[in-house]
Each structure stands twice: as structure tokens, then as C-alpha cells.
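First up is the structure itself, then whatever we jot down about it.
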Amino acid sequence: MRSGVQAQVPVLNVGDADAAGRFYALFGYTGQPGEDGRSRLRCGDLTLLLVEGAAAPATLCLHVDDVAATTERLVAAGHRVEHAPGGECRTVDPGGNTILFARSPRVPAPRVEPDGRPAPVRRAAQVAARRDGAPGHCQIGGPRGEPCAEPAEVKLADSWGDTVWGCLTHADETLVHARGAFVATEDGTGLAAYLAARQARPDPAAVPG
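Numbering (full-length UniProt numbering), first residue to last: 1 to 209.
Next comes the structure, spelled out in C-alpha cells:
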């Protein structure tokens, strides 16, 4: 079982939970103050906890989908917004907390080849083409057991040692739905090459001269 942090909840101390709730509604957060002086606000899968009491200013950085629209909403509600270097904007919530907001960082998409295949799958097919041992046809087949006549181009494996050869289409499908499967390239970096290098060799000192 994988361990580690599964989620995190920023906690902000505010003097007026109602005023803070109206402020964060401008960013898309929703929620109602609790009876214990705490307001748990939600925005999609994100949670923000407001604790009413003595203010202890902090800084919160938010990634938004539209900086200009967010700025317009804040200004229209009477909040001052400053523009910072790097495309960030800065404002202050009713509790004195500094709020930085900017565009969400773009996550680079996996590199694909001209045929639309992810580069690792295409490279695995190229490696397999240089080696012997691949069956003539895809061993994965269709979702209802239909045989596949396409050539076997990619070898897949899992941590239990099970392996299967598949065509590019069914290999892609398997990698998506079988979460423990991975591409077995065997390009000189697998167990076979490692174990072959550990085979017993004659001791040069023991060989008669």
C-alpha cells in the first residue's frame, strides 16, 4: 500500500468568517460557517478551512483558469489587486492574509509520434522489431475474446512476471485499463542482460599459463 500525504487543507485564521466567505466566493469557493467558528469551503476537489479568531496573516497561492476575470470580480467587489512580476496578482482577504493568484501551470503532454502513439510505446515496438521471439500475431485480442490478426509489436509485463505480446492498438488499451502493466522493452537494460553479466567466469589467476 502506498503511503504518504493524500490531501492537504490550508487553514487561514480570520477575524470575520462571513466576510472571508464572501471574499473566497469570488474565487469559486462555497460553504457555510460552522457552529464551532470554522468554515470549510470547497471548490471542486479543493478544501479551504477558515478559523474565526485572532488573525494570524499568512500567504495563500491560488492557480486560477482566468486571471483577468478573477481580477475583475475582485475589483468590482471593492478589493484592491496589485500586479506582481511573472504574471501573478496580489490581493488581501478580509483577515489580512495575502492572496497570490496566477494561471495554472501547464503540464506538458506526453510526447507522441506522427502516428499519434506515445513515444515510449513506439520505441518499444522498434526495439521488439530488432529482436527475435515475438509471435506472429497479437495475443491480447478484443474485449470479448475476439482474435486479433494484427502483428505483435509490443511486449507487456507486470510485476508478477506475466507477459503478453500485443499489437499497438491493443497494447495501448491494455496499458490504460491494466494499471499494473508496463512496456517491457528488454533493450539491454532488463534482467536477462543483468543476470548474464553475473555469470561465473574463469578466474584469470587460476588459468594455467
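We put the CB at the ideal spot given by N, CA and C, even for glycine.
Query: Would you mind working out which of Gln139, Pro147, Ala149 sits nearest Lys155, comparing C-alpha positions?; Result: Gln139
Query: Ignore the nearest five residues each way along the sequence and tell me which others in Thr71's own chain have a CB closer than 7 Å to its CB.; Result: Val81, Cys89
Query: Might you give, ordered along the chain, the residues of its own chain that have their beta carbon closer than 8 Å to the beta carbon of Ala149, omitting 5 neighbours on each side?; Result: His137, Cys138
Query: Are Val51 and Arg38 touching if we call contact CB-CB under 7 Å?; Result: yes
Query: In terms of DSSP beta bridges, what is Phe182 paired with?; Result: Ala157
Query: Taking only the alpha-carbon atoms, compute the straight-line gap between Leu60 and Asp36 and give it to the nearest angstrom.; Result: 23 Å
Query: CA-CA distance, Asn13 and Asn97?; Result: 8 Å
Query: To which residues of the same chain is Leu175 closer than 8 Å at the C-beta, ignoring the five residues directly before and after it?; Result: Val121, Leu156, Ala181, Phe182, Val183
Query: Which two residues bound the contiguous beta strand (DSSP E) that contains Arg103?; Result: 98-103
Query: Can you check which of these residues, Val11, Leu100, Leu49, is closest to His83 by C-alpha distance?; Result: Leu100
Query: Would the beta-carbon of Val11 fall within 7 Å of that of Leu62?; Result: no
Query: Write down the C-beta distance between Val67 and Arg40 rounded to the nearest angstrom, noting that I regard them as a contact closer than 8 Å.; Result: 26 Å between Cβ atoms; not a contact.
Query: Whole angstroms are fine: how far does the CA of Ala178 sit from the CA of Asp158?; Result: 9 Å
Query: Give the straight-line distance between the Cα atoms of Val164 and Ala196, rounded to the nearest whole angstrom.; Result: 23 Å
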